[in-house]
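Scroll down for the structure; my scribbles are underneath it.
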Amino acid sequence: MTPEGIVVAAVEQYFSQPKFQKFSTKQEYQIKMGSDKRRADVVLMNSKGDLAAIAECKRQGVEGDGIDQLKSYLSATDTSLGIFANSTEPDSWNFYENLGRNRFREITTHSEFEKQVVKGGDNFVTRALDFFRQFLRPKPGNIKSDDRKPTGIEIDEESAEPIPPVISPKRHIDSIIPKDRPLQKREFDKGDGFYY
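Going by our numbering, the sequence shown runs without a break in its numbering and finishes at 196.
Below you can see the structure in the form of structure tokens.
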């Protein structure tokens, strides 16, 4: 086995843990990057066949351009999560979250990475919605409901958390204008418009 192959085997073993049982792995997964085709060392796929994570491996102690390679694979595939491994120990790997538009966040622990993978390795849309929901989710009991018209997001001064406006459901058009009373044109001397 090659020195890089030892690290690849460690990543495969890591992905074979029971917490990843709903996922499958593939080695040498082909990724299209413009007119080029590259191969990611190991990918983790969900039950639908979508990429949940990509791992780029180098032999022990060598970094080279491995992190840049990983980031380019994540960007080319819109995959949420990635690992750069140049050791057989997960504690020394670099874990990344793809934030989109060539922006990445380093995930500090493999347990946080695992939680995100198990949560679903969500696509950008789902992750963006989750991101914005955390700012709009009020604490229980902080929702204000009164007769005022919604004016946008309010802040509960005690908790300093945003409170979404309470919006009443739309009324059905039949409840506003009865079907048995058709619209009629007003006379010009009384102003223009319709009444019923």
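Just so you know, even glycine gets a beta-carbon here, dropped at the ideal spot from N, CA and C.
Can you say whether residue i is buried or exposed, counting buried as having 16 or more other CB atoms within 10 angstroms of its CB?
i, result
"valine 62", "exposed"
"proline 18", "exposed"
"lysine 58", "buried"
"glutamate 114", "buried"
According to DSSP, what are the bridge partners of residue i?
i, result
"isoleucine 31", "Arg38"
"isoleucine 54", "Val43, Gly82"
"serine 24", "Met45"
How about residue i and residue j: are their beta carbons less than 7 angstroms apart?
i, j, result
"glutamate 97", "arginine 103", "no"
"aspartate 41", "alanine 55", "yes"
"alanine 76", "valine 11", "no"
"threonine 25", "phenylalanine 15", "yes"
"glutamine 60", "serine 87", "yes"
Hey, out of the options, whose CA is closest to residue i's CA?
i, options, result
"lysine 71", "Ile31, Gly49, Asp91", "Ile31"
"serine 80", "Asp68, Leu44, Pro90, Glu89", "Leu44"
"glutamate 4", "Gln21, Glu28, Gly82", "Glu28"
"glycine 202", "Lys48, Gln60, Gly82", "What is shown of the chain runs 1 to 196, which leaves residue 202 out entirely."
"glycine 49", "Phe23, Ala9, Thr108", "Phe23"
"glycine 34", "Tyr73, Gln21, Met1, Ser92", "Tyr73"
"histidine 110", "Asp36, Phe95, Asp65", "Phe95"
"valine 117", "Ala53, Asp36, Asp68", "Ala53"
"arginine 38", "Ile107, Ile6, Gly66", "Gly66"
"asparagine 46", "Ile107, Phe20, Gln69, Asp36", "Phe20"
Quick one: does residue i have its CB under 7 angstroms from some CB of chain D?
i, result
"arginine 105", "Structure shown: chain D not included; a single protein chain is present."
- Complete runs of the alpha helix (DSSP H) confined to the segment 56-135 [at least 4 residues]: 66-77, 110-119
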